[in-house]
Amino acid sequence: MKSSSPILVWFRKDLRLGDHHALAAAAADGAAVIPLYIREPADSGNGPLGDAQRWWLQYSLSAFRESLQQIGSDLVFRSGDPLDVIADVSREAGSATIFWNRRYDPNGTATDAPLKKALVDRGFTVNSFAGQLLHEPTRLFNKTGGPYRVFTPFWRALEASGEPPAPIDPPERLVAPERWPASEDPDRWNLLPTQPNWASRFTEIWTPGEVGAADRLQTFIEDTLDGYKTARDVPADAGTSLLSPHLAFGEISPTQIWHATRGLTETPVDDIVTFRKELAWREFSYNLLFHNPDLGRRNLDRRFDGFRWLDNDDHFERWTMGHTGYPIVDAGMRQLWRHGYMHNRVRMIAASFLIKDLLIDWRRGEAWFRDTLVDADPASNAASWQWVAGSGADASPFFRIFNPVLQGEKFDPNGDYVKRFVPELADLDARYIHRPFSAPQPALAAAGITLGVTYPAPVIDHAFARDRALAAFQEIRNAS
Ligand code: FAD
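Position 220 of the sequence shown, counted from 1, bears residue number 506 in my numbering, the numbering being contiguous throughout.
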């Protein structure tokens, strides 16, 4: 039945028109719709956002507003506590109905559950809808009725649970209210970096917004999905989808991506399954976070609470700047500066280096990534850092310590990735590109490299660091 007053639709990390359950329900009602975006206090709801994601948000919001305008609507921007904002906007609009898509991270649920109750107590009709996952985290449980802690059985259960429901179409038109409530200007929210503008090269690869996401998906399916299984591990190749920041802001839903990989008879099944498994890792991470809200703060394996981290600030700084003297690590950390992104293989190597070679608490790395990645995600980031540390669920064991030289030689054999992001090594013979510290002096001289001057000497000797890490791990094993 059509509502007589406008329906507010509150958008959070779901800045899209397509496959948006709350928006579709509001549009189907036939009432006027008021799309609303709230800049929430930093420590609640969507926050806190890292600096790289603030950059993304600026462009994502303006792209989304444009899409809404194209279908006869608009986006109202407000700042403040959601309860106050919703009450104010509703009063201005003469509305008492609000729809939103659910969030599954601890900040989001801690905001939404009491908010819903407070709004209902004030006489609002509040409808929430399935959000940003293939399946809600209350759907898949293991044989004993508990949440999954191991990926493979989770994946099997996900596969066995059938295809996720088909994505729903975007509304063609939205009914505008007779009078729009007042709106702020997000250009005045100071989301973009100024001095220095470290994000100046982000636009080389990113187009925030739903249209950018759809283009990315189409290009990936047409050009890259075939061969994904092997190419995804080669950082120099554009072998992955680069959909992660679009997913993080909900400019595309995982259901839309999943369904776009159906019926591709020409594409090898192995490539499709491997790609879907990656989407399932995101899903698994959300399940872990939903059932362990302190995943980003506490070791799931409590033995690690007694781990003796060294937390050397100078080493941490060298890692963040990409000055460790290990080219594959430095290239990754500099890719992060340049594009707010790092290839998955290199994320694993750089994270392992921080945790195991430098013995720096994984939580510092997690926080750095949260601040600098455009795809920073409360679930995938926390779960991945715990996975590398060995402190998480279904984690890689601590004693699996990546050798940054061998990893570089295996996954970037010609040094193309390193040369792209560490230009001071560009002329070094490929034989030494991952180990400039063992290159003969003439090879360094021919490439114009002076170790310790034009490129750093290693911050630590890997063989020494490996033994030290294993000894530290043995201590917590002995203590348990
Ligand atoms: P593709 O290979 O095209 O994969 C498709 C999608 O699957 C990705 O967009 C992503 O949503 C999901 N996915 C892929 N790999 C993983 C994974 N290992 N865990 C969870 N989801 C995955 N991913 C984030 O989205 N946000 C993060 O904050 C994040 N932090 C990470 C931190 C560390 C230390 C590590 C090792 C990995 C992290 N990842 C994170 C996972 C992964 O590196 C990225 O999802 C991937 O590199 C994104 O690139 P893509 O979209 O081209 O991936």
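All C-beta atoms, glycine included, are put in the ideal place defined by N, C-alpha and C.
Determine whether the beta carbon atoms of residue i and residue j lie at a separation below 8 Å.
i       : j       : result
Ser-353 : Asp-315 : no
Ser-509 : Ala-517 : One point to set straight first is that residue 509 is Asp, not Ser, in the sequence displayed. No, the Cβ-Cβ distance between Asp-509 and Ala-517 is not below 8 Å.
Arg-388 : Phe-415 : yes
Trp-544 : Arg-568 : no
Thr-553 : Asp-597 : no
Phe-685 : Leu-737 : no
Leu-444 : Tyr-572 : no
Ala-636 : Gly-618 : yes
Ile-762 : Arg-589 : yes
Trp-342 : Phe-570 : no
Pro-472 : Phe-363 : yes
Glu-490 : His-629 : no
Val-704 : Ile-614 : yes
Thr-547 : Ile-507 : yes
Pro-531 : Trp-484 : no
Glu-710 : Ile-735 : yes
Phe-410 : Ala-446 : no
Pro-742 : His-609 : yes
Arg-604 : Val-745 : yes
Glu-326 : Pro-392 : no
Leu-460 : Ile-558 : no
Residue i to residue j, Cα distance in whole Å?
i       : j       : result
Asn-585 : Leu-575 : 12 Å
Trp-466 : Leu-529 : 34 Å
Ala-311 : Gly-417 : 13 Å
Val-497 : Thr-505 : 12 Å
Arg-594 : Pro-664 : 25 Å
Asp-455 : His-307 : 10 Å
Gly-432 : Thr-740 : 54 Å
Ala-669 : Ala-732 : 44 Å
Arg-227 : Phe-688 : This structure cannot speak to residue 227, because the chain is shown only from 287 to 766.
Asn-476 : Asp-591 : 38 Å
Asn-700 : Ile-719 : 8 Å
Pro-581 : Tyr-345 : Reading off the sequence shown, one finds Leu at residue 581, where the question assumed Pro. Using only the alpha carbons, I get a separation of about 30 Å.
Trp-821 : Phe-602 : This structure does not reach residue 821, given that the chain is present from 287 up to 766, and the question cannot be answered.
Asp-370 : Leu-294 : 14 Å
Ile-324 : Ile-646 : 36 Å
Pro-400 : Ala-373 : 15 Å
Ala-679 : Thr-438 : 12 Å
Arg-721 : Asn-764 : 35 Å
Gly-394 : Pro-579 : 11 Å
Val-304 : Thr-480 : In the sequence as presented, Val is not what sits at residue 304; that position holds Gly. When rounded, the distance between both Cα atoms is 33 Å.
Ser-527 : Glu-378 : 43 Å
Phe-759 : Arg-351 : 51 Å
Phe-440 : Ala-566 : 8 Å
Asp-587 : Asp-501 : 41 Å
Ala-768 : Gly-651 : There is simply no residue 768 to check, as the chain begins at 287 and stops at 766 in what is shown.
Arg-752 : Glu-470 : 53 Å
Ala-712 : Gly-448 : 49 Å
Asp-599 : Met-607 : 12 Å
Tyr-390 : Arg-754 : 38 Å
Phe-427 : Arg-442 : 11 Å
His-767 : Gln-693 : Lying before the first or after the last residue shown, residue 767 is absent from the chain, which here runs from 287 to 766.
Ala-499 : Arg-583 : 31 Å
Trp-623 : Pro-450 : 36 Å
Asn-667 : Lys-402 : 28 Å
Glu-564 : Arg-408 : 43 Å
Ala-716 : Asp-702 : 9 Å
What whole-angstrom Cβ distance do residue i and residue j have, given they're in contact under 8 Å?
i       : j       : result
Glu-537 : Leu-301 : 6 Å
Gly-788 : Thr-430 : In the structure as shown, the chain starts at 287 and stops at 766, and residue 788 therefore has no counterpart that could be examined.
Ala-462 : Ala-318 : 6 Å
Pro-292 : Gly-366 : The Cβ separation is near 20 Å, so there is no contact.
Ile-384 : Val-406 : In fact, because the Cβ distance is near 10 Å, the residues do not count as touching under 8 Å.
Val-520 : Phe-707 : Rounded, the Cβ-Cβ distance is 15 Å, inconsistent with contact.
Pro-690 : His-748 : 7 Å
Lys-515 : Thr-560 : 4 Å
Pro-321 : Ser-359 : 6 Å
Pro-423 : Leu-309 : That belief does not hold up - the Cβ atoms of Pro-423 and Leu-309 are roughly 22 Å apart, past 8 Å.
Quiz prompt | Any 3 or more C-beta pairs closer than 8 Å across the segment 674-693 and the segment 638-650 | solution = yes
Quiz item: With contact counted as at least three CB pairs below 8 Å, one residue from each stretch, are the segment 648-667 and the segment 328-338 in contact?
Solution: yes
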